[in-house]
Amino acid sequence: MKLLRFNGIRIFMIIASCCTSSLFSQPAIFHDYPDWVSQSLGHVATGLGIADINQDGWDDIVVANGNDMQRQNVVVYYNNQSGGFPTVPSWSSSDIDYHGHLSIGDIDGNGFPDVAVSTFLGAGGFSDPGYAKVYFNYNGQLQSLPGFATSDRMFTFSCALGDADGDGDLDLAVAGGQPYEIGMGPYQTYGRIYYNQAGVLDTLPGWTSQVTMGALDVEFADMDNNGFLDLLFACHLTPNYIFLADSAGQIQSAPSWNSQDISYYGNSLTVGKITNDAYLDLIISDNNQLGGQGKYKAYYFTQPPSGSSFPGWYSTTGGYGSAMLAADLNFNGRPDLITGRWWGRVEIYLDTLYTLNSSPNWWSLSNSVIEAYALRDVNQDGRFTKSWQIAVSQDSIHLLDLQDSGLEKIISLQVNGQTLDPGLEYCTIPGASWISTRESLLAGDQVSVEYIASFKQDLAVSNWDSDIGNYLFYNQTVPTFLDGTNPIITETLVMVYPNPFNQSCRFEFYLLKNSYVQLSIFDALGRRVKQLLDQPLEVGRHEVRWDGENDRQIIVTSGLYFYQLQTGNGLKTGKLLLLK
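Here this note's numbering is used: the first residue of the sequence shown is 23, the next is one more, and so on.
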């Protein structure tokens, strides 16, 4: 690495390893090939999630195996507490099934993440409908056999945990459908929600859709910004659907919106605020195994979804579309798109001027039968603490959406200075940026959220080729000095309020000992913008404000900035977003 110095000042920059796999501008976030590959063991890996299952402070990888090919186990790969994983599972369920996708969250409110799994087929295969089930987590150990199973049966490939009725606990939504002309297929059925009653899921659905669907994926999101979660389905055989919650938080049984294009080959979905407005957009991967073009497509919403509409964006390429995730990978405050295909590669579509590039900006050199993605900073080398404050502007809402794809863990949630208990007074799930509260939030309530975020989330991939293991790509975006000093971000001592900000922000930090302190602001190119502190300070709490000016007392422009806090206890860095 070439050393650059300017007037003796070390320059803080975003450094990432070079990639050679694309002809386009490189995001340079992941290596061309995976950094970790599990042993295949004949597993037909399908469902995927990342969460701290054993509660040791480090996230683990959960995989549901089987698909429609073999009855297999659900497995967990435990983190070695430094971001590494064994190549064989650390835990396996005692039962086997044709497992589809999974969802992770604390259903029973005991503080430990449970694992819900869709069973695509029953033991009899395509002539036998499956069901959904839950492995509950007690003191960091998943049950070897599921502690919950739905009483009704359906072919279900995906499920999602979310607060479907605004009461602060996690309910279970199930997508049902089977597109193949095998056994009982093609098969359509109703969407289902199994409500949570004081930590116990109903075994029969308390909500069913009015329409039947060939749904292969399902997700919760607040699509109309009314303060409650809505329900989205990606469908094969039928249009894609959105079911909005009403002003009391009850999801309506009739769809509020459906896709208008006659291309009924949806496989997976994700949501993100792609366009420059207040509403989330819906992104679908089509799979051309049974027809269609197999393109990725986005439905843009500039108001609450209603009626029907055509996609506002398509990818140029098609194929066996599968996994997708919307996440802000280049730190511009807008989501990019990570996509995958069966017998394909990991691809990244960067956002550009509030839309997405139609061709990928980067792709891996590895090919596999990609089924699912999960993003998480498993080695914790990009984590930092953020805070979020808001004065509630409308009565009787239950949902807070931080809209931060880098969110890793909620540290605390306070309403009017009162700290709420997770699992009892509010709920969320790993990988989501929403928080749903048990009690209504009222206009004027002061809400404060402190959480751990990361600008360096790693990408896990499940592959259903039984000869290929699962993948992990470590994020290569590293904050470093050009002289080679490489600070690793651990639990930070500094907090920033507010962040994002539009005029000024304040830094609060606590010194563990008397120390000489330097606090500086850098722009995204590594240029120092402002020196806030350069002096000795005593042990204890300290506060300093940045008013958005540079060292020449000129107001800086909107964009991404980084702070660097150097103390006798080490170096802490973090991201700032100035919005005007």
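C-beta atoms are modelled at their ideal positions from N, C-alpha and C, and glycine is treated no differently.
| query | result |
| --- | --- |
| Using 8 Å as the Cβ pair cut-off and three pairs as the minimum, do the segment 381 to 399 and the segment 216 to 225 touch? | no |
| Which residues in the same chain as GLN436 place their Cβ atom closer than 6 Å to its Cβ, once the five residues preceding and following it in sequence are excluded? | SER470 |
| For ALA154, which residues does DSSP report across the bridge? | SER140 |
| Measuring only the C-alpha atoms, how far is PHE265 from ALA276? | 7 Å |
| Whose C-beta lies closer than 7 Å to the C-beta of GLY271 among residues of the same chain, with five residues either side of it excluded? | ASP187, GLY188, PHE250 and HIS420 |
| Which residue marks the beginning of the beta strand (DSSP E) containing ILE370, and which one marks its end? | 369 to 371 |
| What does a CB cutoff of less than 7 Å around ASP268 pick up in its chain, not counting 5 residues either side in sequence? | GLN274 |
| Decide if GLN11 is buried, meaning its Cβ has at least 16 other Cβ atoms within 10 Å, or exposed. | This structure leaves residue 11 out entirely; the chain is present only between 23 and 602. |
| Kindly indicate which three-state DSSP category ALA348 falls into: helix, strand or coil? | strand |
| Starting from MET517 and walking both ways along the beta strand (DSSP E), at which residues does that stretch end? | 516 to 519 |
| Cutting at 8 Å between CB atoms, please list the residues of its own chain near GLY313, excluding the five before and the five after it. | TYR287 |
| Only counting runs of 4 or more residues, tell me where the alpha helix (DSSP H) segments fall wholly within the segment 68 to 97, in order along the chain. | none |
| Quick one: what's got a C-beta closer than 6 Å to SER542's C-beta in the same chain, skipping five residues either side? | ARG550, GLN553 and GLN586 |
| I need the DSSP call for THR512, collapsed to helix, strand or coil. | Legend: pLDDT at THR512 = 37, less than 50; position of this residue unreliable, no value from coordinates given. |
| Taking PHE242 as part of the beta strand (DSSP E), name the residues at either end of that continuous run. | 237 to 243 |
| Please return the same chain residues whose Cβ sits closer than 8 Å to the Cβ of PHE148, not counting the five positions on each side in sequence. | ASP90, GLN200, TYR202, ILE204, GLY205, MET206 and GLY207 |
| Do you know how far the Cα of GLY329 is from the Cα of LEU253? | 15 Å |
| Assuming TYR318 is part of the beta strand (DSSP E), what are its boundary residues? | 318 to 321 |
| Helix, strand or coil: how does DSSP classify ILE433 here? | strand |
| Measuring only the C-alpha atoms, how far is ALA154 from VAL196? | 7 Å |
| Excluding the 5 residues preceding and the 5 following ALA67 in the sequence, name in chain order all residues of the same chain whose CB lies nearer than 7 Å to its CB. | VAL85, ASN87, GLU393, SER484, ASN485, TRP486 and ASN492 |
| Consult DSSP for VAL233 and reduce its assignment to one of helix, strand or coil. | strand |
| Go ahead and label ALA300 buried or exposed: buried means 16 or more other beta carbons lie within 10 angstroms of its beta carbon, across all protein chains shown. | exposed |
| Can you tell me whether DSSP reads ILE597 as helix, strand or coil? | As written in the sequence, residue 597 is Lys, which differs from the Ile given in the question. Here LYS597 sits in strand by DSSP. |
| Measure the alpha-carbon distance for TYR100 versus ASN76 and round it to whole angstroms. | 8 Å |
| Would you call the segment 134 to 143 in contact with the segment 104 to 113, where contact means no fewer than 3 C-beta pairs closer than 8 Å? | no |
| Does DSSP put MET176 in a helix, a strand or coil? | strand |
| Buried or exposed: LYS295, going by 16 or more other Cβ atoms within 10 Å of its Cβ? | buried |
| Can you tell me whether TRP568 is helix, strand or coil according to DSSP? | strand |
| Output needed for SER526: all residues of its chain with C-beta closer than 7 Å, excluding positions within five of it in sequence on either side, in chain order. | ARG567, TRP568, ASP569 and GLY570 |
| Less than 8 Å separating the beta-carbons of SER344 and ASN383? | no |
| Less than 8 Å between the CB atoms is what I'm expecting for PHE584 and LEU598, so what's the real figure, rounded? | 7 Å |
| Looking at TYR376 and LEU297, is the spacing between their C-beta atoms short of 8 Å? | Going by the sequence as given, residue 297 is Thr instead of Leu. Yes, they are a contact pair. |
| DSSP three-state call for LYS552: helix, strand or coil? | strand |
| Below 8 Å on the Cβ atoms is my guess for LEU192 versus CYS449; work out the distance and round it to an integer in Å. | 5 Å |
| Less than 8 Å between the beta carbons of ALA454 and LEU70, yes or no? | no |
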